[in-house]
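>
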């Protein structure tokens with residue numbers, strides 16, 4: 406890891422995903438050590454209990470492995486609908502929990518101050534504050550992976566909308582179109598997420614692929630089915646980002662997540678499509694996320710440090 | 406006028422529109438007196454000079470008519486792209502000006518502190534603060550008249566995006582569709598503004614109508630052309646508002662402007678369409694604007710009072 410949070414309190418950081426749970430310890434210098442992935446202990450119900458047990462165990466192990474580091478707070482992040490202000494997991498479809506006071510439960514489990522925030526907003530904050538987008542006051546950080554979600558920064562501060570903002574993955578691009586995991590139809594996520602690109606291509610090909618990367622490769626080597634799926638995704642992303650631009654006028658849009666690793670193959674055509682929908686609007690810069698896959702842990706650690714700094 | 410701003414400094418208020426210029430004087434009790442409409446003195450270029458002359462004259466007349474009121478500040482609002490923070494009219498297509506420091510010019514002309522802000526944001530602030538939406542922290546006020554534009558309130562404060570935010574009228578609903586005054590295609594404004602509804606209907610009917618009100622009347626009395634135009638507008642509004650909801654999660658959306666006067670005929674079907682696009686999203690309340698056509702003057706006066714309260 407080359408990213409550093411800079412000097413501050415040592416903290417524990419946990420990033421609970423739908424599949425993996427990442428853990429790490431941030432030093433007083435701001436480096437992350439002991440980064441580890443373990444499977445998320447998903448349960449048919451009340452996954453929160455198993456998650457809290459797992460992070461408590463992982464935290465104890467990290468402290469044993471690094472006795473020289475004395476963490477002062479815990480940063481925990483998770484997907485779903487999260488009330489950042491009150492540290493409550495309101496809802497997470499894949500993780501089977503509802504209205505869980507994670508912040509308070511984590512404080513009890515560790516005997517330390519804790520923060521509980523939304524994974525995309527925390528990762529977005531890491532990208533926003535530690536990357537080149539930090540020079541702008543108004544920014545949108547969009548993660549395109551299995552799903553699509555955004556983190557909004559207004560006048561330099563995250564805007565969560567009581568946990569409901571930033572859901573541009575569930576903004577309808579094609580009314581009545583592709584069914585989405587959320588129960589809607591034609592959502593951006595159902596057309597343009599890495600998972601959707603893979604799924605849509607595998608539905609029409611006779612030789613399935615494991616991921617969006619391979620769909621792009623086939624599109625490049627002349628597979629017209631792959632090309633059609635890829636172009637529909639680019640069109641949807643350009644249109645979705647143009648809606649966000651008209652409404653919010655971000656100075657910069659940062660794209661991260663698995664799909665952003667396609668680099669120019671994604672950014673050049675999406676930028677072109679986005680700008681084609683704009684006239685007098687301010688054109689946002691379109692930037693690739695710079696921290697990448699550990700942005701969640703970094704963001705969790707930033708939030709944990711922030712609570713120590715707030716009286 | 407039944408609306409009152411409540412007690413505060415007496416101020417002059419001017420609302421420059423594409424056709425009319427409205428002026429008025431706000432008393433220390435918060436009532437608006439001497440409200441008057443004059444034609445906006447649109448010039449082939451530099452309309453700002455004629456506007457400044459006109460408001461200086463109207464201001465002098467108001468003071469003569471009401472010698473008992475001693476205005477302490479001037480609130481001026483106008484359409485286009487406006488940098489509220491610095492009081493600059495960046496651009497206004499119909500009014501032929503560019504980068505005009507209206508705030509400073511108004512201060513000089515009147516010898517009083519002045520504010521210069523965007524008309525839709527100022528009117529939106531009046532609707533937000535003085536209407537039932539004031540109970541919410543996060544709100545969107547959308548004006549649907551000749552054009553469509555929105556005023557965004559984040560944690561109780563207006564968000565202007567350096568003058569570029571809130572342009573959901575120029576968010577593309579039908580890519581490649583109806584040409585828009587902004588130079589784009591398929592913008593919400595080109596489909597669903599009162600002017601667009603009238604224009605689209607008059608293009609296909611043999612008996613033209615003067616406004617959207619008559620299109621709605623004909624739709625109700627079985628004119629299938631009028632019905633088709635009206636339904637396309639409702640669909641576009643529902644979809645556009647759903648995009649704003651997914652991204653911003655406003656607790657309330659207030660609809661104002663001429664089209665909102667259709668009342669239930671607009672609100673019931675738009676609400677239904679908006680909610681049909683939402684799944685786990687928070688459903689915003691959809692409210693009719695309560696101040697109406699003088700919201701601009703009220704908002705201009707509120708901004709003028711605000712500068713007296715800020716050191």
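Protein chains in written order, with our numbering: chain A, 406 to 716; chain B, 406 to 716.
From the three backbone atoms N, C-alpha and C, an ideal C-beta is built for every residue, glycine too.
1. For residue 692 of chain B, write down the residues that DSSP places opposite it in a beta bridge.
2. Please decide whether residue 704 of chain B counts as near chain A, where near means a Cβ-Cβ distance under 8 Å.
3. Is DSSP giving residue 578 of chain A helix, strand or coil here?
4. Listing by chain order, which chain B residues have their CB less than 7 Å from the CB of residue 580 of chain A?
5. Using a Cβ-Cβ cut-off of 8 Å, state whether residue 523 of chain A counts as contacting chain B.
6. Please go through the same chain and pick out, in chain order, the residues whose beta-carbon is closer than 8 Å to the beta-carbon of residue 406 of chain A, but skip the five residues on each side of it.
7. Quick one: give me the first and last residue of the alpha helix (DSSP H) that residue 521 of chain A is part of.
8. Buried or exposed for residue 721 of chain A, going by 16 or more other Cβ atoms inside 10 Å?
9. Is the beta carbon of residue 657 of chain B sitting closer than 8 Å to the one on residue 692 of chain B?
10. In chain B, what lies closer than 7 Å to residue 649 of chain A by C-beta?
11. What is the DSSP secondary structure of residue 539 of chain B, reduced to helix, strand or coil?
12. Could you check the C-alpha separation between residue 558 of chain B and residue 606 of chain A for me, to the nearest Å?
13. Answer yes or no: do residue 573 of chain A and residue 649 of chain A have a C-beta to C-beta separation smaller than 8 Å?
14. Round the Cβ separation of residue 425 of chain B and residue 482 of chain B to the nearest angstrom and send it over; I've been treating them as touching at under 8 Å.
15. Are the C-beta atoms of residue 406 of chain B and some chain A residue less than 8 Å apart?
16. Can you list, in chain order, the residues of its chain whose CB lies under 7 Å from that of residue 630 of chain B, leaving out five sequence neighbours each side?
17. Check the Cβ of residue 687 of chain B against every Cβ in chain A and list those closer than 7 Å, keeping chain order.
18. From the DSSP output, in three-state form, read off residue 406 of chain A for me.
19. Out of B/641, B/642, B/621 and B/680, state which residue places its alpha-carbon closest to the alpha-carbon of residue 632 of chain B.
20. Straight-line CA distance for residue 497 of chain B to residue 588 of chain A?
21. To the nearest angstrom, report how far apart residue 679 of chain B and residue 669 of chain A are at their CA atoms.
22. At which residues does the alpha helix (DSSP H) containing residue 625 of chain B begin and terminate?
23. Can you grab the Cα-Cα spacing for the pair residue 545 of chain B / residue 561 of chain A, in whole Å?
24. Is residue 500 of chain A near residue 486 of chain A, with beta carbons less than 8 Å apart?
25. Could you give the uninterrupted runs of the beta strand (DSSP E) lying entirely in the segment 460 to 498 of chain B, keeping only those of 3 residues or more?
26. Along the segment 586 to 597 of chain B, where does the CB come closer than 8 Å to a CB of chain A? Name the residues.
27. Buried or exposed for residue 626 of chain A, going by 16 or more other Cβ atoms inside 10 Å?
28. Take the Cβ of residue 442 of chain A as the centre, count every other Cβ of all protein chains shown within 10 Å, and call the residue buried at 16 or more, exposed below.
29. With a threshold of 7 Å on Cβ separation, who are the neighbours of residue 688 of chain B within its own chain once the five nearest residues in sequence on each side are excluded?
30. Compute the distance between the beta-carbons of residue 532 of chain B and residue 694 of chain B, then report whether it is under 8 Å.
31. From the beta carbon of residue 547 of chain B, is the nearest beta carbon of chain A less than 8 Å away?
32. Which of the residues in the segment 556 to 567 of chain A, read from start to end, lie with their CB under 8 Å from any CB of chain B?
33. Excluding five sequence neighbours on each side, which residues of the same chain lie with their C-beta closer than 7 Å to the C-beta of residue 475 of chain A?
34. Buried or exposed for residue 465 of chain B, going by 16 or more other Cβ atoms inside 10 Å?
35. Using the beta-carbon of each residue, which ones in chain B are nearer than 9 Å to residue 572 of chain A?
36. Is it true that the CB of residue 489 of chain B sits closer than 8 Å to the CB of residue 511 of chain B?
The structure says:
1. For residue 692 of chain B, DSSP records a beta bridge to B/659.
2. No - not a single Cβ of chain A is within 8 Å of the one on residue 704 of chain B.
3. Three-state DSSP puts residue 578 of chain A in coil, outside helix and strand.
4. Against residue 580 of chain A, the close residues of chain B are 644, in the order they occur along the chain (beta-carbon pairs closer than 7 Å).
5. By this cut-off, residue 523 of chain A is not an interface position.
6. For residue 406 of chain A, the predicted model reports a pLDDT of 45, less than 50, meaning its position is unreliable; a value from the coordinates is still stated below. Excluding its 5 nearest sequence neighbours in each direction, residue 406 of chain A has C-beta neighbours in its own chain below 8 Å: 436, 437, 440 and 699, listed in chain order.
7. Not the alpha helix (DSSP H): residue 521 of chain A falls in the beta strand (DSSP E), residues 519 to 523.
8. As displayed, chain A neither begins before 406 nor continues past 716, which places residue 721 of chain A out of reach and without an answer.
9. Yes, they are a contact pair.
10. Those are 652, listed as they occur along chain B.
11. Helix.
12. Straight-line Cα distance between these residues: approximately 41 Å.
13. Contact: yes.
14. In this structure residue 425 of chain B does not touch residue 482 of chain B by the C-beta definition: roughly 13 Å separates them, more than the 8 Å allowed.
15. Only weak support exists for where residue 406 of chain B lies, its pLDDT of 45 falling under 50; the coordinates are left without a value.
16. Within the same chain, residue 630 of chain B has close Cβ partners 606, 609 and 610.
17. Neighbours of residue 687 of chain B across chain A, judged by C-beta separation under 7 Å: 569.
18. Any answer about residue 406 of chain A is weak, because its pLDDT of 45 lies below 50 and its placement is not dependable; what the coordinates show is given next. In the structure shown, residue 406 of chain A sits in coil (DSSP, three-state: anything other than H, G, I, E or B).
19. That would be B/621, whose Cα lies nearest to the Cα of residue 632 of chain B.
20. Per the coordinates, the alpha-carbon of residue 497 of chain B lies some 42 Å from the alpha-carbon of residue 588 of chain A.
21. Residue 679 of chain B and residue 669 of chain A have their C-alpha atoms roughly 35 Å apart.
22. In this chain, the alpha helix (DSSP H) harbouring residue 625 of chain B covers 617 to 625.
23. If you take the alpha carbons of residue 545 of chain B and residue 561 of chain A, they lie about 20 Å apart.
24. No, Cβ-Cβ distance for residue 500 of chain A and residue 486 of chain A is not below 8 Å.
25. Entirely contained in the segment 460 to 498 of chain B, the beta strand (DSSP E) runs reaching 3 residues are, in chain order, 478 to 483, 486 to 488 and 493 to 497.
26. Taking 8 Å as the Cβ-Cβ cut-off against chain A, the residues of the segment 586 to 597 of chain B that qualify are 587, 588 and 589.
27. Residue burial is scored here from C-beta neighbours: residue 626 of chain A has fewer than 16 other C-beta atoms within 10 angstroms and is therefore classed as exposed.
28. Residue 442 of chain A is classed as exposed because its beta carbon has fewer than 16 other beta carbons within 10 Å across all chains shown.
29. Excluding positions up to five away in sequence, the list reads 680.
30. Between residue 532 of chain B and residue 694 of chain B, the C-beta gap is smaller than 8 Å, which places the two residues in contact.
31. Under the 8 Å criterion on CB atoms, residue 547 of chain B is classed as non-interfacial with respect to chain A.
32. Of all residues in the segment 556 to 567 of chain A, 557, 559, 560, 564, 566 and 567 have a Cβ within less than 8 Å of some Cβ in chain B.
33. These residues qualify, in order along the chain: 415.
34. Only exposed fits residue 465 of chain B, as fewer than 16 other CB atoms lie within 10 angstroms of its CB.
35. By Cβ distance, chain B contributes 650, 651, 652, 654, 685 and 686.
36. With contacts defined by Cβ atoms closer than 8 Å, residue 511 of chain B and residue 489 of chain B do not form a contacting pair.
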